[in-house]
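A quick write-up on the structure given underneath.
Number of protein chains: 2
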Amino acid sequence: MAATALNEENLSFLKTVLPFWEKLTPAQKRTVTDSALPRVYYRGESMHRGSEHCAGLLLVKSGQLRVYIISESGKEITLYRLFDNDICIFSASCMMKNINFDIYVETEQETQVLQIPTVVYNQLNQTNIAVSDFTSQLMASRFSDVMWVMEQVLFTSFDKRLALFLLEQSAIDGSDRLTITHEAIAKHMGSAREVVTRMLKYFQSEGMVTLSRGEITLKDRKKLEKLK
Amino acid sequence: MAATALNEENLSFLKTVLPFWEKLTPAQKRTVTDSALPRVYYRGESMHRGSEHCAGLLLVKSGQLRVYIISESGKEITLYRLFDNDICIFSASCMMKNINFDIYVETEQETQVLQIPTVVYNQLNQTNIAVSDFTSQLMASRFSDVMWVMEQVLFTSFDKRLALFLLEQSAIDGSDRLTITHEAIAKHMGSAREVVTRMLKYFQSEGMVTLSRGEITLKDRKKLEKLK
Numbered sequence: 017m018a019a020t021a022l023n024e025e026n027l028s029f030l031k032t033v034l035p036f037w038e039k040l041t042p043a044q045k046r047t048v049t050d051s052a053l054p055r056v057y058y059r060g061e062s063m064h065r066g067s068e069h070c071a072g073l074l075l076v077k078s079g080q081l082r083v084y085i086i087s088e089s090g091k092e093i094t095l096y097r098l099f100d101n102d103i104c105i106f107s108a109s110c111m112m113k114n115i116n117f118d119i120y121v122e123t124e125q126e127t128q129v130l131q132i133p134t135v136v137y138n139q140l141n142q143t144n145i146a147v148s149d150f151t152s153q154l155m156a157s158r159f160s161d162v163m164w165v166m167e168q169v170l171f172t173s174f175d176k177r178l179a180l181f182l183l184e185q186s187a188i189d190g191s192d193r194l195t196i197t198h199e200a201i202a203k204h205m206g207s208a209r210e211v212v213t214r215m216l217k218y219f220q221s222e223g224m225v226t227l228s229r230g231e232i233t234l235k236d237r238k239k240l241e242k243l244k
Numbered sequence: 017m018a019a020t021a022l023n024e025e026n027l028s029f030l031k032t033v034l035p036f037w038e039k040l041t042p043a044q045k046r047t048v049t050d051s052a053l054p055r056v057y058y059r060g061e062s063m064h065r066g067s068e069h070c071a072g073l074l075l076v077k078s079g080q081l082r083v084y085i086i087s088e089s090g091k092e093i094t095l096y097r098l099f100d101n102d103i104c105i106f107s108a109s110c111m112m113k114n115i116n117f118d119i120y121v122e123t124e125q126e127t128q129v130l131q132i133p134t135v136v137y138n139q140l141n142q143t144n145i146a147v148s149d150f151t152s153q154l155m156a157s158r159f160s161d162v163m164w165v166m167e168q169v170l171f172t173s174f175d176k177r178l179a180l181f182l183l184e185q186s187a188i189d190g191s192d193r194l195t196i197t198h199e200a201i202a203k204h205m206g207s208a209r210e211v212v213t214r215m216l217k218y219f220q221s222e223g224m225v226t227l228s229r230g231e232i233t234l235k236d237r238k239k240l241e242k243l244k
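One line per chain: the protein sequences are G and W, in this order.
Heads up: the first sequence runs through residues 17 to 244, numbered per our numbering.
Heads up: the second sequence runs through residues 17 to 244, numbered per our numbering.
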């Protein structure tokens, strides 16, 4: 795709979201603005699939992304989610030779991004210490997210994890009525649909949620909070 | 502890193990050699305990380290191990403000290290892009190790994981006779002692291992290899 001149809104977004902006040389700033590509991804679109392609650094203007891993047999678990003003580094992971796991990224809502090509970001990273430090910090932050998931999986019982997931999802959606399938929850949690359904039915019998086709309604947030 | 002049052997080790050595300025090289501290840790000694202290970058001259996390209830899982010429970055994790999980490091063998104080390494990291890039690469590498463990825990059945652990341990020890308790294996694998014992007894009934007090002997490596 050809380079496009960034409009004022995108330029101002770049300056806000990239903490190293003021540390770039004029030439480096120009390279970024000349190569940054505004893109819209539709809901449910795949943005990054393992080692298949390497889109670059994705700066999220608005929307919602899910970052996950997937087993050979197709089992998934969500590592973290990204929202407005977050930055996706693993979509540029091909520039880091020591990353040898496959990360998948898909949109959960329509998502507007500015995309900085991997080759451009890599060049900045090799020549500007503020960028290099930012890469480290961002990776450390995602590492922390993943360790949190790992501790949850290893050390927390499934009922607590499910209560936590429902409360978080309700906060993200801004509603007590969640439009989500048991299958989708299983994919977030690295579990199986049957296990999710069984626990949700138990939650329903305890008056914490009500279940209907493709929908879960939180009925007793206090009880769920207590569980988590 | 006071700074000590490094002997020739330690100096040559520094140059070998730090890929950025030649990119340091003469002043930076001097800071490193003036502050690097040779230390010996005995077998089973704790080198790093979560946020308790921040020893610095540990360059392993010889020995064996286990890096792990621990739950509130005391359950453990090994994330990776370090051997000769490896570098432990998480013992300097306090310099990375986005690392908010607690890592534990202990020796599994008597271990000789050169320790570069956190404040010295942090200073290099902030001013030298070769160091900053090395930090990113090292973190990416450990991130990959941890993702491997996570995929194992999530996606691989326990019998396969145990077979893999026994074969790896045998490779590390250079012997078919492993001097290790079921409790210790459980701590490596993030499991419970009972679960390990049950599976080992099944392996014994299948002729793959023999069990005796505090010892496991691999009897049929081919069958174990096939399982993993």
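Think of the CB as a built atom: it goes at the ideal place given N, C-alpha and C, for glycine as much as any other residue.
- Contact with chain G is absent for K235 of chain W, since none of that chain's Cβ atoms lies less than 9 Å from the residue's Cβ.
- Per DSSP, the unbroken alpha helix (DSSP H) holding P42 of chain G starts and ends at P42 to S51.
- The region 56–71 of chain G and the region 99–115 of chain G touch, with no fewer than 3 CB-CB distances between them shorter than 8 Å.
- Using a CB distance cut-off of 9 Å, F174 of chain W does not count as an interface residue toward chain G.
- No Cβ of chain G is located within less than 9 Å of the beta carbon of R193 of chain W.
- With contacts defined by Cβ atoms closer than 9 Å, L234 of chain G and S173 of chain G do not form a contacting pair.
- Residues of the region 150–169 of chain W with a C-beta atom less than 9 Å from some C-beta of chain G are T151, S152, Q153, L154, M155, A156, S157, R158, F159, S160, V162, M163, W164, V165, M166, E167 and V169, listed in chain order.
- Fewer than three Cβ pairs drawn from the region 36–51 of chain W and the region 73–82 of chain W lie within less than 8 Å of each other, which leaves the two stretches out of contact.
- Against chain G, a Cβ distance below 8 Å from M112 of chain W picks out S152, Q153 and A156.
- Within the same chain, Cβ atoms closer than 6 Å to the Cβ of T94 of chain G are found at R82, Y84 and H204, the five residues on either side in sequence being excluded.
- At a cut-off of 9 Å between beta carbons, T143 of chain W contacts chain G.
- Among the residues facing chain G, K91 of chain W is included, as its CB has a counterpart in that chain under 9 Å away.
- Against S148 of chain W, the close residues of chain G are I145, S148, D149 and S152, in the order they occur along the chain (beta-carbon pairs closer than 7 Å).
- Within the model, the alpha-carbon separation for L34 of chain W versus R97 of chain W is close to 19 Å.
- Restricted to the region 91–122 of chain W, the beta strand (DSSP E) segments that are unbroken, complete and at least 3 residues in length are 92–98, listed in chain order.
- By the neighbour-count criterion, in which a residue is buried when 16 or more other Cβ atoms sit within 10 angstroms of its Cβ, N23 of chain W is exposed.
- Here A156 of chain G is buried. Its C-beta has 16 or more other C-beta atoms within 10 Å.
- With a beta-carbon spacing of about 7 Å, Q80 of chain W and T123 of chain W fall inside the 8 Å limit used to define contacts.
- Those residues of the region 111–134 of chain G placed with their C-beta closer than 8 Å to a C-beta in chain W are M112, K113, N114, I115, N116 and F117, ordered along the chain.
- For S228 of chain W, no Cβ of chain G is located within less than 9 Å of the residue's own Cβ.
- When Cβ-Cβ separations below 9 Å define contact, E88 of chain G makes contact with chain W.
- Below 8 Å, too few C-beta pairs join the region 153–167 of chain W and the region 124–136 of chain W to call them touching: fewer than three.
- Separation of the CB atoms of I232 of chain W and L182 of chain W is rounded to 7 Å, and the pair is thereby assigned contact status at 8 Å.
- Residues are counted here when their Cβ sits less than 7 Å from a Cβ of chain G; for the region 72–85 of chain W these are I85, given in chain order.
- Contact annotation: in the region 203–214 of chain W, residues whose CB is within less than 8 Å of a CB in chain G are G206.
- The beta carbon of F219 of chain G does not come within 9 Å of any beta carbon belonging to chain W, so the residue lies off that interface.
- Under the three-state reduction of DSSP output, M63 of chain G falls in the strand class.
- Straight through space, the alpha carbons of I201 of chain G and F219 of chain G are spaced by roughly 15 Å.
- In the structure shown, the three-state DSSP call for S191 of chain W is coil.
- Identification of chain G residues near F36 of chain W by a Cβ-Cβ cut-off of 9 Å yields none; the smallest Cβ-Cβ distance measures about 12 Å.
- Only residues of its own chain outside the window of five on either side were considered, and among them L243 and K244 have a CB closer than 8 Å to the CB of K176 of chain W, listed in chain order.
- Contact between M63 of chain G and S152 of chain W does not hold, since their C-beta atoms are separated by about 22 Å, which reaches or exceeds 8 Å.
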